[in-house]
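Chains as they are written, first to last, in the numbering used here: chain E, 614 to 985; chain Y, 614 to 985.
Accompanying notes for the structure given below.
2 protein chains.
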Amino acid sequence: MRKATTTIADVARKANVSTATAGRVLGNYGYASETVRKKVQKAARELGYRPNHLARSLIRGETRTIGVVVGDIQSPFYARIIRGISDVARASDMGLIITNSDEATDLEEQSVELLMDKKVDGMIVSPCDTINAAHLRAAHEAGIPMVLIDRRVKGLEVDSISLDSVGSARAGVGDLLRAGHRRIALVAELAGTGGMTIERIMSSSPPGPPDINYHYPSWQRLLGYLLAHHDAGIAPQSDLICQVKSYSSKVAAKKAVEILRSDTPPTALFTADGVMSAGVMAAVKEVGARIPDDISLLCFDDLDWMEFMVPGIDAISQPRKQMGQMAARLLMERIADPTSEPRVLDLVPRHVERGSIRQILTTEGVNGGPDA
Amino acid sequence: MRKATTTIADVARKANVSTATAGRVLGNYGYASETVRKKVQKAARELGYRPNHLARSLIRGETRTIGVVVGDIQSPFYARIIRGISDVARASDMGLIITNSDEATDLEEQSVELLMDKKVDGMIVSPCDTINAAHLRAAHEAGIPMVLIDRRVKGLEVDSISLDSVGSARAGVGDLLRAGHRRIALVAELAGTGGMTIERIMSSSPPGPPDINYHYPSWQRLLGYLLAHHDAGIAPQSDLICQVKSYSSKVAAKKAVEILRSDTPPTALFTADGVMSAGVMAAVKEVGARIPDDISLLCFDDLDWMEFMVPGIDAISQPRKQMGQMAARLLMERIADPTSEPRVLDLVPRHVERGSIRQILTTEGVNGGPDA
DNA sequence: AATTCATGTGAGAACGTTCACACAAAAGCG
DNA sequence: CGCTTTTGTGTGAACGTTCTCACATGAATT
Chain E
614 MRKATTTIAD VARKANVSTA TAGRVLGNYG YASETVRKKV QKAARELGYR
664 PNHLARSLIR GETRTIGVVV GDIQSPFYAR IIRGISDVAR ASDMGLIITN
714 SDEATDLEEQ SVELLMDKKV DGMIVSPCDT INAAHLRAAH EAGIPMVLID
764 RRVKGLEVDS ISLDSVGSAR AGVGDLLRAG HRRIALVAEL AGTGGMTIER
814 IMSSSPPGPP DINYHYPSWQ RLLGYLLAHH DAGIAPQSDL ICQVKSYSSK
864 VAAKKAVEIL RSDTPPTALF TADGVMSAGV MAAVKEVGAR IPDDISLLCF
914 DDLDWMEFMV PGIDAISQPR KQMGQMAARL LMERIADPTS EPRVLDLVPR
964 HVERGSIRQI LTTEGVNGGP DA
Chain Y
614 MRKATTTIAD VARKANVSTA TAGRVLGNYG YASETVRKKV QKAARELGYR
664 PNHLARSLIR GETRTIGVVV GDIQSPFYAR IIRGISDVAR ASDMGLIITN
714 SDEATDLEEQ SVELLMDKKV DGMIVSPCDT INAAHLRAAH EAGIPMVLID
764 RRVKGLEVDS ISLDSVGSAR AGVGDLLRAG HRRIALVAEL AGTGGMTIER
814 IMSSSPPGPP DINYHYPSWQ RLLGYLLAHH DAGIAPQSDL ICQVKSYSSK
864 VAAKKAVEIL RSDTPPTALF TADGVMSAGV MAAVKEVGAR IPDDISLLCF
914 DDLDWMEFMV PGIDAISQPR KQMGQMAARL LMERIADPTS EPRVLDLVPR
964 HVERGSIRQI LTTEGVNGGP DA
């Protein structure tokens with residue numbers, strides 16, 4: 614319980630050199646002869662010297678710490694991403710400060726403020742507001758390296774890594790259509806931020822507002838859903854779109870039960886993320902439907918339990934850990950070179966087939982059908 | 614992209630006061646008259662002054678940051694715990710540095726070292742070595758506030774929060790026995806650290822080595838399993854104990870398949886944690902057994918999917934988030950008062966019944982039976 | 001009028017590093 | 001031998017705070 618922390622000055626005194634010299638060998642920068650180096654290291658070892666990173670950071674202007682702000686660290690989606698980030702951070706000998714925003718702008722602002730106060734060398738953010746995000750623009754303006762993950766912010770030109778949500782939803786729903794499904798319900802958050810509405814997105818043909826990349830992934834997945842219908846020449850029905858509006862399994866379950874119990878229930882469900890998937894599973898259990906006989910299911914994001922359900926649940930699998938790793942690497946490179954052109958990356962998820970999709974023989978026969 | 618960071622000196626100059634005075638009002642410590650206070654605050658606002666926490670930390674000797682080291686942040690168990698910690702940290706306006714140990718001593722040592730380098734005000738650790746843990750003893754010796762979570766270290770007298778693993782496993786397995794099960798398999802990690810062996814733990818009657826609290830929770834759950842048998846006057850059979858030895862679903866699944874396919878399969882399975890539970894579910898699927906008709910199931914740790922499986926899976930539910938919150942609060946209090954007696958807390962999990970346990974009518978009838 | 005006392009303020013030294021610079025000694029070069 | 005260059009070390013000023021003093025005021029008390 615000794616309070617005496619040994620400093621460079623102590624080491625220098627013991628080794629009979631100046632603090633500057635001792636500093637040079639201990640911080641290894643600048644010249645130092647072999648003999649002096651030995652002497653200083655010996656003294657440091659004997660005194661149990663440990664450099665004070667605070668003082669070093671103060672003068673060097675870098676903390677070797679990066680910050681992360683995500684929606685909710687306990688969701689499997691973010692937890693894996695963070696694991697990926699953490700691995701890269703450890704490999705680079707960097708600390709990792711983590712905060713959650715609970716998908717609320719004010720908490721996200723607080724988080725960013727905390728990270729800036731801690732003088733992180735850079736931050737990885739999953740922004741909850743993709744249109745305004747004044748605090749992120751300010752942080753970027755202030756020159757702090759930033760990488761966006763899963764979502765992008767309109768007009769904010771920083772590195773980012775996301776998924777091809779539109780394309781993979783399009784392909785996944787396409788698989789459902791090719792399996793003969795004609796009434797496919799979409800269960801998605803589709804929160805009303807940024808002025809996007811279901812009407813707006815459905816109004817053009819083919820559907821696709823130009824700024825779709827700056828909206829929540831759930832909107833992109835809706836677009837993919839609509840495009841798949843367009844591809845197949847089938848008119849989508851707006852009563853099959855469950856707009857959950859909040860990021861909640863409970864609400865998703867409620868909505869899903871409603872649609873499953875309606876007079877004209879869907880033959881398949883497509884969920885836009887893991888939270889929705891859990892809600893839908895609860896709904897399926899509540900109405901007592903069997904998969905895939907009564908209802909087919911395709912979920913965005915592959916969760917552990919989907920593999921050992923009987924039958925297994927088809928999923929669009931996102932490389933979550935890899936996303937985290939790449940985000941961290943992008944950030945490291947950005948820190949090393951703040952001026953280069955920002956990079957915008959998109960990963961491609963894949964459809965994992967497990968048997969939760971029933972093949973329906975349509976009158977005109979199955980055209981296409983999944984690979985398996 | 615301006616590099617000019619405005620300091621207390623700038624504010625002081627603009628407000629025509631000394632840096633000391635400006636420091637007093639901006640850091641609010643010491644005297645400052647109302648007029649001066651107003652002047653300084655105005656100047657600070659106009660210059661957009663933001664205090665440099667690095668410099669403050671250097672001199673004050675506190676960083677307002679706490680560190681956490683857990684096994685793996687992407688496991689639902691730790692993810693929830695961290696969420697709980699994070700909530701309390703945010704409320705206390707503290708930063709949170711997170712690292713994973715992957716249950717390996719050397720990585721844990723690295724993590725602790727990182728945290729000490731970052732000069733955290735305290736740390737919460739889920740130790741992977743409950744016997745030696747020299748680095749934890751050293752950190753404690755060095756006076757840094759520490760709270761252990763989920764596991765304790767022998768002879769290390771610090772605050773800790775765990776679960777009553779022995780008691781709740783004993784109760785849970787007791788429920789299985791009361792339901793008439795006589796061949797109950799335990800699937801648990803039971804890694805061979807610290808010299809504990811199945812033989813040793815089974816050798817006394819009633820079972821229970823005195824230092825059980827300083828072993829992994831899986832050993833404690835084994836003890837609960839044995840005690841439940843002892844309570845019921847039934848001799849446990851060592852061939853029903855699956856020692857997975859690593860923290861891996863895959864291996865757990867393999868072991869579980871073996872025992873399910875043996876000549877004398879169990880009628881019920883008891884898993885010691887979430888990882889084992891996932892493995893067991895995969896095994897049940899692989900052998901094509903139906904729950905609860907062919908095999909009953911009781912899992913330690915309640916995971917999301919257990920609720921919407923058909924039937925639901927009985928679980929011993931651990932208050933994970935609450936554990937995190939309490940750990941963080943313990944740490945805050947320890948930081949505030951480093952000298953008081955360490956507190957050793959145990960939370961009590963509860964058995965959530967969902968229908969994965971079949972009632973077996975024994976020849977002598979069901980004696981007792983669950984509450985429901 | 002002299003002494004206390006609370007209330008403010010400022011000068012300057014910490015905190016533990018790094019960094020710019022000066023400078024001495026040794027070495028290279030004509 | 002004088003000159004530059006290299007190699008190595010020390011001095012002292014940063015970095016941006018907080019903290020310990022000293023020291024003014026002016027009011028209250030003796």
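Just so it is clear, CB atoms sit at the ideal spot from N, CA and C, and this is done for glycine as well.
Would you kindly report the start and end of the unbroken alpha helix (DSSP H) that includes residue i?
i: M919 of chain Y; result: W918 to F921
i: S909 of chain Y; result: Taken as a continuous stretch (DSSP letters only), S909 of chain Y belongs to no alpha helix (DSSP H), being part of the beta strand (DSSP E) at S909 to F913.
i: Q723 of chain E; result: T718 to D730
i: L840 of chain E; result: P830 to A845
i: T678 of chain E; result: Premise fails: T678 of chain E lies in the beta strand (DSSP E), T678 to V683, not in any alpha helix (DSSP H).
i: V653 of chain E; result: E647 to L660
i: D700 of chain E; result: P689 to A704
i: V624 of chain E; result: I621 to A628
i: L749 of chain Y; result: A747 to E754
Ends of the beta strand (DSSP E) at residue i?
i: A928 of chain E; result: D927 to S930
i: G968 of chain Y; result: G968 of chain Y -> no beta strand (DSSP E), and no H or E assigned at all.
i: D772 of chain Y; result: D772 to L776
i: G937 of chain E; result: From DSSP, G937 of chain E is part of no beta strand (DSSP E) but of the alpha helix (DSSP H) over R933 to A949.
i: G708 of chain E; result: G708 to N713
i: I672 of chain E; result: Careful: I672 of chain E lies outside any beta strand (DSSP E), inside the alpha helix (DSSP H) at H666 to R673.
i: L639 of chain Y; result: Here L639 of chain Y belongs to no beta strand (DSSP E); instead the alpha helix (DSSP H) covers T632 to L639.
i: V738 of chain Y; result: G735 to V738
i: V760 of chain E; result: M759 to I762
i: L853 of chain Y; result: L853 of chain Y -> no beta strand (DSSP E), and no H or E assigned at all.
i: V597 of chain Y; result: Any answer about residue 597 of chain Y is impossible in this case: the structure gives chain Y only from 614 up to 985.
Name, please, each residue of chain Y whose Cβ falls closer than 7 Å to the Cβ of residue i.
i: D730 of chain E; result: H666
i: G708 of chain E; result: I710, L727 and K731
For a contact meaning CB atoms closer than 8 Å, what does residue i contact in chain E?
i: S699 of chain Y; result: I686, I711, T712 and N713
i: L671 of chain Y; result: N665, L667, A668 and L671
In chain E, what lies closer than 9 Å to residue i by C-beta?
i: A895 of chain Y; result: E920 and F921
Run through chain E and tell me which residues come within less than 7 Å of residue i, C-beta to C-beta.
i: K898 of chain Y; result: F921 and V923
i: I695 of chain Y; result: I686
i: D917 of chain Y; result: A891
i: A692 of chain Y; result: I686, Q687 and A692
>> Between the stretch 952-967 of chain E and the stretch 615-630 of chain Y, can you find at least three pairs of beta-carbon atoms closer than 8 Å?
In response: By the Cβ rule, the stretch 615-630 of chain Y does not count as touching the stretch 952-967 of chain E, because fewer than three pairs are nearer than 8 Å.
> Can we say the stretch 696-706 of chain Y touches the stretch 656-671 of chain Y, given the rule of at least three CB pairs closer than 8 Å?
Replying inline: Contact fails: fewer than three Cβ-Cβ distances are below 8 Å.
> Can you give, in chain order, each stretch of the beta strand (DSSP E) that sits fully within the stretch 859-902 of chain E and has at least 3 residues?
Replying inline: 881-884
>> Three or more C-beta pairs under 8 Å: does that hold for the stretch 757-765 of chain E against the stretch 732-743 of chain E?
In response: yes
>> With a threshold of 8 Å, are at least 3 pairs of Cβ atoms found where one atom belongs to the stretch 905-915 of chain E and the other to the stretch 873-884 of chain E?
In response: yes
>> Could you tell me which whole alpha helix (DSSP H) segments of length 4 or greater appear in the stretch 787-825 of chain Y?
In response: 811-816
> Are three or more beta carbon pairs between the stretch 928-944 of chain E and the stretch 943-957 of chain Y nearer than 8 Å?
Replying inline: no
>> For the stretch 884-898 of chain E against the stretch 857-869 of chain E, do three or more pairs of beta-carbon atoms, one drawn from each stretch, fall closer than 8 Å, so that the two count as touching?
In response: yes
>> Does the stretch 811-829 of chain E come into contact with the stretch 624-641 of chain Y, if we say contact requires no fewer than three beta-carbon pairs (one atom in each stretch) closer than 8 Å?
In response: no
>> Within 8 Å, do at least three Cβ pairs link the stretch 682-698 of chain E to the stretch 640-650 of chain E?
In response: With a cut-off of 8 Å, the stretch 682-698 of chain E and the stretch 640-650 of chain E do not count as touching, because too few Cβ pairs lie within range.
>> Does the structure place the stretch 706-718 of chain E close enough to the stretch 786-795 of chain E that three or more beta carbon pairs sit under 8 Å?
In response: no
>> I want to know whether the stretch 770-781 of chain E touches the stretch 829-838 of chain E - three or more CB-CB distances under 8 Å.
In response: yes
> Can at least three beta-carbon pairs, one atom from the stretch 809-816 of chain E and one from the stretch 751-758 of chain E, be found at a separation below 8 Å?
Replying inline: no
>> Under 8 Å: do the stretch 840-848 of chain Y and the stretch 789-807 of chain Y share three or more Cβ pairs, one atom per stretch?
In response: yes
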